[in-house]
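Sequential numbering from 444 applies to the sequence shown in this note's numbering. Cβ atoms here follow ideal geometry from the backbone N, Cα and C, with glycine treated the same way. What follows is a short report on a single structure.
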Amino acid sequence: MVKKIDSPQPKKADGSTRLTTSGSAHAPRERYFEGIGRRKTAVARVRIVSGKGGILVNNKEAKAYFPMPALQQIISSPLENLKMADKFDISAKLSGGGIHAQAEALRLGLSRALVLLNPDFKKKLRGLGFMTRDSRMVERKKYGLKKARRAPQWQKR
444 MVKKIDSPQP
454 KKADGSTRLT
464 TSGSAHAPRE
474 RYFEGIGRRK
484 TAVARVRIVS
494 GKGGILVNNK
504 EAKAYFPMPA
514 LQQIISSPLE
524 NLKMADKFDI
534 SAKLSGGGIH
544 AQAEALRLGL
554 SRALVLLNPD
564 FKKKLRGLGF
574 MTRDSRMVER
584 KKYGLKKARR
594 APQWQKR
């Protein structure tokens with residue numbers, strides 16, 4: 444027979460219980476809003492806090508991570524359309540996919556985080572297409588075919 448043992452709370456000398464603390468005091472952290480965006484196999488975890496407009500992607504500046512101006516425009520478009528480009532600091536952790544899919548995943552995650560910050564932003568962001576998850580994925584390869592749809596070469600004679 445197995446006996447279940449509950450670990451009781453430590454007791455003081457007078458018999459009352461007290462809650463244990465970890466012993467170290469943590470400084471209060473700044474409040475952030477987090478959104479997760481996905482595109483193909485890319486995943487972006489985006490956090491926004493009030494700040495001066497800096498964007499960090501995988502601990503690098505956004506301009507270093509996304510050197511092409513078109514990709515920089517994709518990631519900053521939700522903030523620019525809401526005219527809040529210099530009011531928030533953004534940090535994002537990206538994984539998987541290619542650089543373009545990562546930029547679009549970051550845009551979706553940023554849009555979702557902004558909606559958590561202020562639900563009034565949802566209507567405008569949805570109208571711009573920033574709240575819609577692009578569900579297109581790579582089609583699987585089928586057996587008997589060279590690729591997903593490409594059939595082997597066929598000879599009549």
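- Excluding residues up to 5 positions away in sequence, Asp532 lie with their Cβ nearer than 6 Å to the Cβ of Gly497 in the same chain.
- Under the three-pair Cβ rule at 8 Å, the stretch 548 to 559 counts as touching the stretch 478 to 485.
- In the structure shown, the three-state DSSP call for Ala513 is helix.
- The C-beta distance from Leu568 to Leu557 rounds to 7 Å, short enough to meet the 8 Å contact threshold.
- For Arg488 and Trp597, the gap between their C-alpha atoms comes out near 47 Å.
- In terms of Cβ geometry, Ala505 and Ser538 do not form a close pair [threshold 9 Å].
- DSSP places Lys565 in the helix class (H, G or I) of the three-state scheme.
- Of the candidates Ser554, Arg583, Val500, Asp529, the residue whose Cα lies closest to the Cα of Ser493 is Asp529.
- Taking 9 Å as the cut-off, the Cβ atoms of Ser534 and Arg593 do not count as close.
- For Leu553, the enclosing alpha helix (DSSP H) covers residues 542 to 560.
- Counting along the chain, Ala487 sits inside the beta strand (DSSP E) bounded by residues 485 to 493.
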